[in-house]
Structure formats: C-alpha cells, structure tokens
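Colleague: This note's numbering applies: residue 1 is where the sequence shown begins, and numbers increase by one.
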Amino acid sequence: MPVLVDCLVRGERLALVTDAGTPLVSDPGQRLVDAAHRAGIPVSPIPGPAAVIAALSVAGFPGSRFHFEGFLPPRGQRRRERLEALAQRPEILVFYESPNRMGQLLLDLRHILGPGRQALLARELTKLHETLLRASLGELARGLEVSDEPMRGEIVLVVAGGEPAGALGSAGAPTLERTLAVLLELLPPAQAAARAAALFGRPRAEVYRLALAFRGPEDG
Numbered sequence: 001m002p003v004l005v006d007c008l009v010r011g012e013r014l015a016l017v018t019d020a021g022t023p024l025v026s027d028p029g030q031r032l033v034d035a036a037h038r039a040g041i042p043v044s045p046i047p048g049p050a051a052v053i054a055a056l057s058v059a060g061f062p063g064s065r066f067h068f069e070g071f072l073p074p075r076g077q078r079r080r081e082r083l084e085a086l087a088q089r090p091e092i093l094v095f096y097e098s099p100n101r102m103g104q105l106l107l108d109l110r111h112i113l114g115p116g117r118q119a120l121l122a123r124e125l126t127k128l129h130e131t132l133l134r135a136s137l138g139e140l141a142r143g144l145e146v147s148d149e150p151m152r153g154e155i156v157l158v159v160a161g162g163e164p165a166g167a168l169g170s171a172g173a174p175t176l177e178r179t180l181a182v183l184l185e186l187l188p189p190a191q192a193a194a195r196a197a198a199l200f201g202r203p204r205a206e207v208y209r210l211a212l213a214f215r216g217p218e219d220g
C-alpha cells in the first residue's frame, strides 16, 4: 500500500479496476482510496457496473427507497437478530452473500420475514453466466435445498419491502405469515393453512403453498 501511495505522490496515475462490479463497497481497494485521501491525492470515480444498482433495476419491486445492507454477520444469532431488526422496514432490502452461505441466509429470511415475501436472487450480473431468479423467499429457499447444482459466483439478493409496524392499525398486528408460522408449530400444514386462510380471507390453496414453502420439502 505505501508503495502505491508513493507513486501517486510523485504524480503518477493509478486505476483501481475490478471484474466484479464497482469496487470499494465490500472490497479491499477501500484501504487504498482512504490512504490516497489522507495523502491529499485526488480520487475520481469512473461509472461502471454496480451490482446493487443493477439488481435493483431488474427486481421490479414497488418503492422509491432501498436499504443496502451488504454482507450480514456470517452465521448464528447475530445474523438472525439483524434480520429481525430489518423485517418490517418498508424499503426494498439489498444483501450481498457468498455462495456457500446463500442457502442458510434464505432459510433465515424465510423464517423471519415470512415465506411469502418476494425476492430476486441475482447471480453473476453482467457476466456470461448471469442468472436471475424472482420468486417468494419460500420458493427460493426450497429450490436451493433440492438443487443438485452448487451455487457459485457473485450474488445479490433483493427483497421486497415489508409492512411497517402499526401499518395494520396496531404495532403488534398479526400478519398471515406470522399467524401461519404459529399454527404450523401446532398443526399439520393442511390444517394450519385452512385456519389461516379463514382468518385472513385468503384462498386456501394459496395459503397451503405458503405453508409448504415455510416448512420446506421434508414436510411437503
């Protein structure tokens, strides 16, 4: 790092380039930019593909605001606590995640945000093997569980915004997803879906699909 800063101080020019979208959000190049600023060296951005903006542009979720969360804590209670804090934010949520942790992240999101929340999984954006999967969190989690293909590449997950606390009349107002989650602890999926559908006036088949997505393929 000091060698590069010395080159810049002598008047040389340096370009920081990446093949994985615009750098410096989750990139070691941040240290070089910080060092350049501290040395009084001008830093100028050149527009290029940014995974977070590229994914948002093809997600199609309603809302004029988004929250970029980036990488969550890698595992355990800290990640679940962070997701619980984000669950009712009305903004579109954008996450970065590594391929080997994507499956567990989707399971946590399915459990905390609800299996019916819509999401877009964007992999290898602007590259040869670009893949876009838009579905509910339950469907995405289930699809990854039964897939024989390992997940690879750079991944962005865009999740539709949630209902803010109090939007339904009280801060603790139940949602279909939360009610269904409680019922599934006590009843088989078909019975839980029937009762939740009656409570919320939703088609039984639709709620049954949510129940299966929530429980996963082992209970389907």
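No residue lacks a Cβ here, since even glycine has one placed at the ideal position from N, Cα and C.
The model shown is predicted, which means the values in this text are computed figures rather than measured ones.
Can you have a look at P42 and say buried or exposed, based on whether 16 or more other CB atoms are within 10 angstroms of its CB?
Modeller: So P42 ends up on the exposed side.
Colleague: Just curious, the beta strand (DSSP E) that H67 is in, first and last residue?
Modeller: Its beta strand (DSSP E) spans residues F66 to F71.
Colleague: So, with DSSP's three-state summary, where would you put G169?
Modeller: Legend: pLDDT at G169 = 43, less than 50; position of this residue unreliable, value from coordinates given subsequently. Coil, per DSSP.
Colleague: Verify whether the separation of the beta carbon atoms of F68 and V94 is less than 7 Å.
Modeller: Taking 7 Å as the Cβ cut-off, F68 and V94 qualify as a contacting pair.
Colleague: According to DSSP, is G220 part of a helix, a strand, or is it coil?
Modeller: Low confidence applies to G220: its pLDDT is 42, below 50, so where it sits in the model is not reliable, and the reading given next is rough at best. It is coil, neither helix nor strand.
Colleague: Note the first and the last residue of the continuous beta strand (DSSP E) segment covering Q118.
Modeller: Q118 to R123 is the extent of the beta strand (DSSP E) around Q118.
Colleague: Using a Cβ-Cβ cutoff of less than 7 Å, which residues in the same chain neighbour L132 once the five nearest sequence positions on both sides are dropped?
Modeller: V58, L120 and A122.
Colleague: Let me see if you follow: with CB-CB separation under 7 Å, is V5 close to chain C or not?
Modeller: Considering every chain present, this structure includes no chain C. It has just one protein chain.
Colleague: Starting from V182, trace the alpha helix (DSSP H) both ways and give me its first and last residue.
Modeller: Note, V182: alpha helix (DSSP H), L176 to L184.
Colleague: Please name the residue in V158, Q30 and A39 whose C-alpha comes closest to that of F61.
Modeller: The option with the nearest alpha carbon to F61 is V158.
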